[in-house]
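Okay, so the sequence shown: first residue is 20 according to my numbering, each after it adds one.
Every residue, glycine too, gets a C-beta built ideally from N, C-alpha and C.
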Amino acid sequence: VSARAEATASARAATRAALEDAEAAMREEIRISQTEYSDEARVSRERAEATEAALATATREFETALAASANEHEREVERLRESLRRAVEERRSISERAEETETALARCRSELADAKANAIEF
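1) Quick one: which unbroken beta strand (DSSP E) runs of 3-plus residues sit fully inside the segment 25–103? Chain order, please.
2) From residue 80 to residue 72, what does the alpha carbon distance come to, in whole angstroms?
3) Could you tell me the alpha carbon to alpha carbon distance between residue 91 and residue 83, rounded to whole angstroms?
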């Protein structure tokens, strides 16, 4: 009986030791998994931060280019307005000169007609 009790106690001790070893191995496995997960999470977070920074940089560059384009467009619009203003002013000036020319031409015709009438009378 005492040999059986000793064998049972020995088996229990061996089982307990095996369970403790298994529990320690599981804890180690969990620790490794958590470390790997933490490493993967850190790498993923770093990638996300790098992507976010690249996106922010690209956005700023796009906004800068867009603003420059808008400024250039505004300058071009202003140049076209000025060109149109000058063209309208030139057209007005030509129109005024044409009126003056027509008036002078009418006066010359009138004077020519008067001169012809005077020449015929004499």
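Let me spell this out:
1) none
2) 12 Å
3) 12 Å
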